[in-house]
Amino acid sequence: MTAPMPAKIDSADLNQLLRSSSAPRVLDVRTPGEFETVHMPGSYNVPLDLLNEHRDEILSHVDQDVVLVCRSGQRATQAEETLRRAGVTNVHILDGGITAWQAKGFNVNQGAQRWDLERQVRLVAGLIVFISVLASIFVPGLKWVAFAVGAGLTFAAVSNTCAMGMLLAKLPYNRGASCNLQTVVAKLVDAK
9 MTAPMPAKID
19 SADLNQLLRS
29 SSAPRVLDVR
39 TPGEFETVHM
49 PGSYNVPLDL
59 LNEHRDEILS
69 HVDQDVVLVC
79 RSGQRATQAE
89 ETLRRAGVTN
99 VHILDGGITA
109 WQAKGFNVNQ
119 GAQRWDLERQ
129 VRLVAGLIVF
139 ISVLASIFVP
149 GLKWVAFAVG
159 AGLTFAAVSN
169 TCAMGMLLAK
179 LPYNRGASCN
189 LQTVVAKLVD
199 AK
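First residue of the sequence shown: 9, per my numbering; consecutive thereafter.
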């Protein structure tokens, strides 16, 4: 009998486990666009919003250990919280996400380069603040838009959620190839 996997798993340990007979299922919770840019071979794209919305149906097709992957670990942590509240105990997080996996030099599949969601949030938030402060020279009330964005970013940090990120994830740029419940379930079933 093998020892249980820790809640967070290091890239080197996961790489070794993926070559074993009891390999965990790797679910990448980033947007389809991010997944298309770079992902671990053999991983399945189950965007965080889709997992949150359809977790029971998706997990009914996963019976082994699950390792959640995102860019750095934040969205994987949110997915883990959702799954643990649903009673799932065989869920783990890749420590440092795909960024740590790549930094260790492990194999990845790469596609067309796109900006990751966190970078997009920084761009959009920065532009909104920049433009609203600059425009407040002519329309003084616009400074409150910058205040609202700052307050939203503060709330995002405290709550470990990001409303702007969730909105940006729905843009066609981030949706990439078709990634809906039927597609995800079909890939999970085919892999059994």
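Ideal Cβ positions, reconstructed from N, Cα and C, are used throughout, including at glycine.
State the DSSP-derived secondary structure class of residue i, mapped to helix, strand or coil.
i          : result
residue 24 : helix
residue 17 : strand
residue 62 : helix
residue 70 : coil
residue 54 : coil
residue 9  : With a pLDDT of 40 at residue 9, under the threshold of 50, the predicted position of this residue should be treated as unreliable, though the coordinate-derived value follows. Of the three classes helix, strand and coil, the one that applies to residue 9 here is coil, per DSSP.
Note the first and the last residue of the continuous alpha helix (DSSP H) segment covering residue i.
i           : result
residue 179 : Where residue 179 is concerned, there is no enclosing alpha helix (DSSP H), given that its DSSP letter is neither H nor E.
Would you mind giving the Cβ-Cβ distance between residue i and residue j, rounded to the nearest angstrom? I have them listed as a contact below 8 Å.
i           : j           : result
residue 7   : residue 33  : Because the chain here runs from 9 to 200, residue 7 falls outside it and cannot be looked at.
residue 47  : residue 116 : 7 Å
residue 79  : residue 42  : 7 Å
residue 132 : residue 176 : 7 Å
residue 154 : residue 140 : 4 Å
residue 63  : residue 85  : With a Cβ gap of about 15 Å, residue 63 and residue 85 do not count as contacting.
residue 101 : residue 81  : 6 Å
How far does the beta strand (DSSP E) with residue i in it reach, from first residue to last?
i          : result
residue 38 : Careful: residue 38 lies outside any beta strand (DSSP E) and carries neither H nor E.
Looking only at C-alpha atoms, which of the options sits nearest to residue i?
i           : options             : result
residue 29  : 112, 72 and 175     : 72
residue 183 : 119, 38, 171 and 67 : 38
residue 125 : 21, 40 and 17       : 40
residue 123 : 61, 181, 25 and 108 : 181
residue 134 : 158, 19 and 169     : 158
4 or more residues per run - each alpha helix (DSSP H) lying fully within the stretch 84 to 153: 105 to 111 and 125 to 143
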